[in-house]
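Notes follow the structure.
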Amino acid sequence: MPADEVAKVQNVAVVGQGGAGKTTVADALLFAGGAVTRLGRVDDGTSAFDTEPEEQRRKTTITAALHHVAWRKHEVNLIDTPGYSSFLHDARNCLHAATGAVLVVGPTGGEVKVEAEKVWGWLAELGIPAVGFVTRMDRERADVAHALKDLQAIGAKPALLQLPVGREAEFRGVVDLLSGRAYLYQGESGVVQEAVPPAELADEVRAARERLVETIAEANDVLLEKYLEG
């Protein structure tokens, strides 16, 4: 396979501690990418990843599972991994084949456990780039700032890429700080509508974008120099 074609094949591991919502995220990615026509749900026993009878009974991932989704001319192999300590070795084995990872965390703060810290350590050790994904933003006391603190507590240096629109039960979407566009969810359909960010978030979006630029610049000397030059 030509090098440019190889670069378009990515093995992405969905990782984190048990109960964080990894399988739900993986199922949603399959659905959003059009790989399946029905959104799988762990609680219903319809997940595309948790297919073993014991997994469906426990509603817990026991062994890693892989599915494929095509996205913007890239071929993505999604690897859903277990997060509880008894099965965590399977997650580490999968990381040796991963080119990237999605680290799933909760939104209420103080939720990270030793399993999440272990997984982050493996990602750092293997040099695997990772994006953090905050689940359950519609929960009571949900706050993305809590998730950022939890990520910092395990040694990560997170940069916020999206700002929530609405809080707790009123959560209804995000503002992408790179594009400056809002993406609002249409109920639980999985469909999003692109829109102009709400006016009341203008100052918050501006401040968050400035912090993002500073964080990126601090991680790269060339970018830092350009940033300081204006």
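With my numbering, letter number 150 in the sequence shown gets 1088, and the count goes up by one each step, no holes. Don't be surprised by glycine CBs; every beta carbon is placed ideally from N, CA and C. Bear in mind the structure is a predicted one, so any value in this text is a computation, not a measurement.
For residue 1158, no beta strand (DSSP E) run applies, since DSSP gives it neither H nor E. In the DSSP assignment, residue 1027 is bridged to no other residue. Within the same chain, and ignoring the five residues on either side of residue 1072 in sequence, the residues whose Cβ sits closer than 7 Å to its Cβ are 1043, 1045, 1082, 1085. In the three-state DSSP reduction, residue 1036 falls in the coil class, being neither helix nor strand.
Within its own chain, the residues whose Cβ lies closer than 6 Å to the Cβ of residue 1135, once the five positions on either side in sequence are excluded, are 1113, 1120, 1143, listed in chain order. Pairing residue 1064 with residue 1115 gives a Cβ-Cβ distance that is not under 8 Å.
From the listed residues 1108, 1031, 1129, 1156, the smallest Cα separation to residue 1096 is found for 1156.
In its chain, beyond the 5 residues on either side, 1000 have a beta carbon closer than 8 Å to the beta carbon of residue 992.
In the three-state scheme derived from DSSP, where H, G and I count as helix and E and B as strand, residue 948 is classed as strand. A Cβ-Cβ separation of about 10 Å leaves residue 1053 out of contact with residue 1024 under the 8 Å criterion. In chain order, 1121, 1123 place their CB closer than 6 Å to the CB of residue 1130, counting only its own chain and leaving out the 5 sequence neighbours on each side.
Just so you know, the alpha carbons of residue 1147 and residue 957 end up roughly 31 Å apart.
Between the stretch 969-977 and the stretch 1025-1039 there are fewer than three C-beta pairs closer than 8 Å, too few to call the two in contact. Ranking 1051, 1039, 997 by CA distance to the CA of residue 1091 puts 1051 first. Residue 1102 carries a strand assignment under DSSP once its states are collapsed to helix, strand and coil. For residue 1122, the three-state secondary structure derived from DSSP is strand. From the listed residues 1103, 988, 984, 951, the smallest Cα separation to residue 1138 is found for 1103. Looking at the DSSP output, residue 1013 bridges to 947, 1008. Beta-bridge pairing by DSSP links residue 965 to no other residue.
The stretch 948-957 makes no contact with the stretch 975-982, as fewer than three CB pairs between them are under 8 Å.
For residue 1111, the beta-bridge partners assigned by DSSP are 1103, 1122. Cβ-Cβ distances below 7 Å link residue 1066 to 1033, 1036, 1038, 1039 in the same chain, with the five nearest sequence neighbours on each side left out; the list follows chain order. For residue 1068, there is no enclosing alpha helix (DSSP H); the residue is found in the beta strand (DSSP E) stretching over 1068-1072.
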